Structure formats: structure tokens, C-alpha cells
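For this note's numbering, add 174 to where a residue sits in the sequence shown, where the first one is 1. Worksheet: the structure to be examined is printed underneath.
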Amino acid sequence: MSHESSYEPSPEPRDLPGQDDAGFTAFAVAAWPRLVRTAQLLTGDFHEAEDLVQTTLAKVYGRWRRVPREEMDLYVRRALVNNNLSRLRRKRVVHLLTPVLPEPLRHAVAGHAEAVEQRTALLAALADLPPRQRAVMVLRYWEDLSEPEIAAVLHCSIGTVKTHARRGLAALRSHPGLALPSTGAPR
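Right, dumping it as C-alpha cells:
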């Protein structure tokens, strides 16, 4: 006596493997440079930024089919910031950033050295901020998000975003590495 069942549940169309892989791949390839730049500002290190983006995209891929496409940028930014905060909680290690480039590289191109020094000083100043203040500063002034958009990414109130922005700007303005050169007489 055969107990074969003629009923075989067919998988839901959205659950078929590989169906939406091309969409995710296209999104990841297009978003990679922007996400790495943002992550570098969050982490202070290019290699850690790449690792953070890779981890974030791997997690997003697992939920790709469930996230509405119109919310994808918000979702990915939120995941990036949250993964960075988790990374910092796990690590609790102070990152040493080189304050200036080695001497031969500093003066290779006139004008370029000053730009590199300014960028290095800004990255060092950002690294000194608490993680949530740094996230607000990066999202506001690098990603050009509005206060309500930042509040949505960080799951906090607009007032909290404003407070972090105000304190972050004050800290950056008073950071010794970002001090404006004096206008006194030349040496």
C-alpha cells in the first residue's frame, strides 16, 4: 500500500533561491563606494570600514526580500551605524591614528600635503567623539541627511540628534588638531 502524497507545497515565489540576488548585487555594487566612505568616517580606518560594510551587506542580504525598496537606504544606513556601535562595544580598543604622514609623503605635491593633513586631523577629531555623536556628525555633514532622517536611522528623537550635533560641533571646533592657524606675524 503506497502512502505517496500527491500534494507537494510549492515554494513561495519570493523564497526561491537566487531570484532576487541580481537586485541585491546591483544595489551592493552601486552603494559600496558611498558606504565605505561613510564607514571610514565612522571607524577612522579604511580597512575596518571595508570590513564593516561587508558585514553590514551580509546581514542586509539575509533580510533583502523583506525590506521595502523605498526604505532600503534608511535600512542600510541604520544597519551600518548599528554594526559599528556593536563593533565598538565588542572591541573597546583605542585606535591609534597617525596624526601626520611620514615626511617624504607630506611634501610630495604642493597643496596636497595640506589637504591630507587636514583630512587626517578631521579623521582624528572624529575618532575622539563618542560613537553616537560621530554617527550624527557623519550622517548630517557627510551624508547630508536631515535631522528627522538621522533620528530615523539612529532610532532616537530629533532633540537627541540636535543635542549630539551641537555637542559634536563644539568638540570639533575645540579640537586641537583642527585649530585654525594664527594670523600673527610670520615666523
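All C-beta atoms in this analysis are idealised placements derived from N, C-alpha and C, irrespective of residue type, glycine included. Only a predicted model underlies this, so the values are computations on that prediction, with no experimental measurement involved.
The three-state secondary structure of GLU317, taken from DSSP, is coil.
Three or more pairs of CB atoms, one per stretch, sit closer than 8 Å, so the stretch 310 to 326 contacts the stretch 237 to 257. For THR294, the closest alpha carbon among the candidates ASP318, GLY351, GLY342 is that of GLY351. Looking only at ALA344, THR199, LEU319, the smallest Cα-Cα distance to LEU300 is reached by ALA344.
For the pair THR230 and ALA223, the CB atoms are not nearer than the 8 Å cut-off. For VAL210, the uninterrupted alpha helix (DSSP H) segment begins and ends at 195 to 217. Our two residues, CYS330 and ARG306, have alpha carbons roughly 11 Å apart in a direct line.
Around the CB of PHE201, 16 or more other CB atoms lie within 10 Å, so the residue is classed as buried. ASN257 and ALA232 have their C-alpha atoms spaced approximately 11 Å apart. Around the beta carbon of HIS338, 16 or more other beta carbons lie within 10 angstroms, which makes this residue buried.
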